[in-house]
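Numbering (the numbering used here), first residue to last: 445 to 900.
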Ligand SMILES: Cc1cc2nc3c(=O)[nH]c(=O)nc-3n(C[C@H](O)[C@H](O)[C@H](O)COP(=O)(O)OP(=O)(O)OC[C@H]3O[C@@H](n4cnc5c(N)ncnc54)[C@H](O)[C@@H]3O)c2cc1C
């Protein structure tokens with residue numbers, strides 16, 4: 445059997461594996477760092493929705509590049525790791541072996557499908573969104589001559605795909621299982637606004653009902669319709685199940701790593717498993733919420749990359765004391781020319797509301813000034829704030845493109861434990877063509893509104 449020796453072996457070449465490799469090499473240039481990945485071509489996962497419509501147009505336009513890793517001298521092998529001898533530190537793929545000193549699991553996540561629908565996944569026309577070039581090519585090719593598409597799931601992946609298909613001229617229905625779309629990330633009034641914009645773009649939303657059966661009327665292994673809990677039958681030529689993801693941990697489980705809640709690999713703040721030389725990063729890990737510390741199902745490339753940077757600097761001893769203290773669930777999406785972005789807790793979180801622990805500060809303004817300036821867009825900032833101390837626990841933004849970065853600022857405010865009193869007197873750069881007015885900067889105004897609430 446062919447055997448190679450490396451210092452650090454990373455299993456998986458998704459965002460987490462790639463960022464971990466680059467960070468590890470930057471911090472340990474003398475070490476041999478190797479990534480083993482299953483596929484020669486790697487799609488940028490977040491770009492997948494945009495290959496189905498007019499935004500990226502082709503699957504090729506969604507491909508990522510490994511140029512940086514190659515330039516840095518990071519080794520790469522193609523293959524699937526099937527087994528690991530933990531005691532002797534050997535990973536096996538095909539008929540080859542790699543001896544390692546440190547091992548990083550970055551095996552990601554795979555689509556989650558409710559048990560009641562799993563048997564229907566073999567029907568022609570039923571798809572999940574697998575982060576794999578060939579599977580996405582197959583789905584795109586299948587839909588080319590089809591008109592009626594049903595998306596099951598109203599999270600951001602289902603919504604982004606639905607809008608792309610609708611803009612490409614298809615009849616698209618989203619079946620959500622909740623009254624409004626995006627309801628995990630946004631409070632009701634914001635989710636309603638996002639939904640209205642989605643509907644304006646031609647996507648029909650069937651909320652508060654859910655798919656209980658996928659139907660093959662002619663018994664020819666081709667999907668024709670779905671049946672809802674209410675008994676309603678909706679015809680479909682294509683059914684896309686966008687019903688979430690689960691950690692890909694079969695290998696970790698097989699070799700005896702401890703798994704946490706929801707099946708992710710248990711890790712500490714520095715992404716170390718219980719085994720001192722084995723780390724795990726990205727969607728395959730057991731995450732917890734930043735504030736609640738409760739197990740979290742959040743799966744994001746941004747969180748995965750942050751974890752990968754922590755692991756990449758901690759492989760040979762903890763270099764920086766800043767570890768991962770949990771996910772702040774930070775994310776953004778765009779519907780037409782409007783961005784919806786969210787970080788931290790929502791106000792609809794029952795426990796916070798019923799315990800009267802929070803106040804809300806919210807402000808509608810503009811992203812430019814004065815109002816007549818070209819390209820001005822409404823900007824709404826809502827802050828969810830601890831009543832005791834004024835700490836900012838969550839934020840939601842509606843706005844133009846700048847809302848995508850505004851939420852990153854709010855995310856940092858949440859992560860660094862800042863309060864509305866810090867934000868009230870925050871210094872910002874303002875310019876008519878670029879930002880809101882200094883006199884009514886929505887983030888600052890939302891903080892001031894929260895202070896008013898706290899002080900009654
Ligand atoms: C359609 C879509 C849109 C998204 N949009 C966003 C977005 O806008 N913003 C955002 O932050 N997140 C987004 N996400 C989530 C984001 O893509 C994931 O959180 C991210 O891909 C996780 O990265 P990862 O490297 O941990 O795992 P993955 O991307 O799942 O990569 C894991 C890799 O490991 C490989 N692998 C697994 N097992 C083995 C093995 N035994 N041997 C070798 N290789 C193996 C897999 O083939 C895979 O390539 C989106 C996801 C999807 C599906």
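Virtual Cβ for every residue (Gly too), placed ideally from N, Cα, C.
Check, Outcome
"Does ligand 1 have even one heavy atom less than 8 angstroms from the beta-carbon of residue 525?", "yes"
"Across which residues does DSSP place residue 716 in a beta bridge pair?", "723"
"For the region 766-781 and the region 590-607, state whether three or more C-beta atom pairs, one from each stretch, are separated by less than 8 angstroms.", "yes"
"Residue 678 and residue 669 look like a contact to me (Cβ under 8 angstroms); what is the Cβ gap, rounded to whole Å?", "6 angstroms"
"Does ligand 1 have even one heavy atom less than 8 angstroms from the beta-carbon of residue 685?", "no"
"Touch check for the region 539-547 and the region 449-457: three-plus C-beta pairs under 8 angstroms?", "yes"
"In terms of residue numbering, what span does the alpha helix (DSSP H) encompassing residue 781 cover?", "That residue, residue 781, is in no alpha helix (DSSP H); it is neither H nor E in DSSP."
"Mind checking residue 872: buried by the 16 CB within 10 Å criterion, or exposed?", "exposed"
"From the DSSP secondary-structure annotation, give me the bridge partner or partners of residue 592.", "615"
"Assign residue 600 to one of three DSSP states: helix, strand, or coil.", "helix"
"Using only the heavy atoms of ligand 1, determine whether one of them is closer than 8 angstroms to the beta carbon of residue 412.", "Shown here, the chain extends from 445 to 900; a query on residue 412 therefore has no answer."
"Short check: CB of residue 707 to CB of residue 458, under 9 angstroms?", "no"
"Within 10 Å of its beta-carbon, does residue 661 have 16 or more other beta-carbons around it, so buried, or fewer, so exposed?", "exposed"
"Kindly indicate the opening and closing residues of the alpha helix (DSSP H) around residue 871.", "Neither: residue 871 is in no alpha helix (DSSP H) and is coded neither H nor E."
"Keeping to the same chain, check which residues put their C-beta closer than 6 angstroms to that of residue 857; ignore five residues upstream and five downstream.", "836"
"Rounding to the nearest angstrom, what Cα-Cα distance links residue 471 and residue 513 in this structure?", "14 angstroms"
"Which residue wins for smallest C-alpha separation from residue 735, given the options 875, 752 and 771?", "771"
"Identify the continuous beta strand (DSSP E) that holds residue 809 and give its terminal residues.", "802-810"
"Along the chain, where does the alpha helix (DSSP H) that runs through residue 754 open and close?", "745-756"
"Going along the chain, which residues of its own chain have a beta-carbon closer than 8 angstroms to the beta-carbon of residue 587, five neighbours each way excluded?", "496, 593, 609, 614 and 682"
"Please go through the region 645-696 and give each complete beta strand (DSSP E) segment of 3 or more residues, from N-terminal end onward.", "647-650, 655-659, 669-672, 677-679, 682-685 and 689-691"
"Using the Cα positions of residue 515 and residue 466, report the straight-line distance between them to the nearest angstrom.", "10 angstroms"
"Please classify residue 844: is it buried, with 16 or more other beta-carbons within 10 angstroms of its beta-carbon, or exposed?", "buried"
"Is there contact between the region 882-895 and the region 815-825, where contact requires at least three CB pairs shorter than 8 angstroms?", "yes"
"Give, in chain order, every unbroken run of the beta strand (DSSP E) that is at least 3 residues long and sits entirely within the region 543-598.", "546-549, 553-555, 570-572 and 592-596"
"Identify the residues that DSSP records as bridge partners of residue 467: which are they?", "None; residue 467 has no bridge partner."
"Quick check: does the Cβ of residue 727 come within less than 8 angstroms of any heavy atom belonging to ligand 1?", "yes"
"So is residue 810 buried or exposed if we call it buried at 16+ other beta carbons inside 10 Å?", "buried"
"Is the beta carbon of residue 587 within less than 8 angstroms of some heavy atom of ligand 1?", "no"
"Kindly indicate which three-state DSSP category residue 884 falls into: helix, strand or coil?", "helix"
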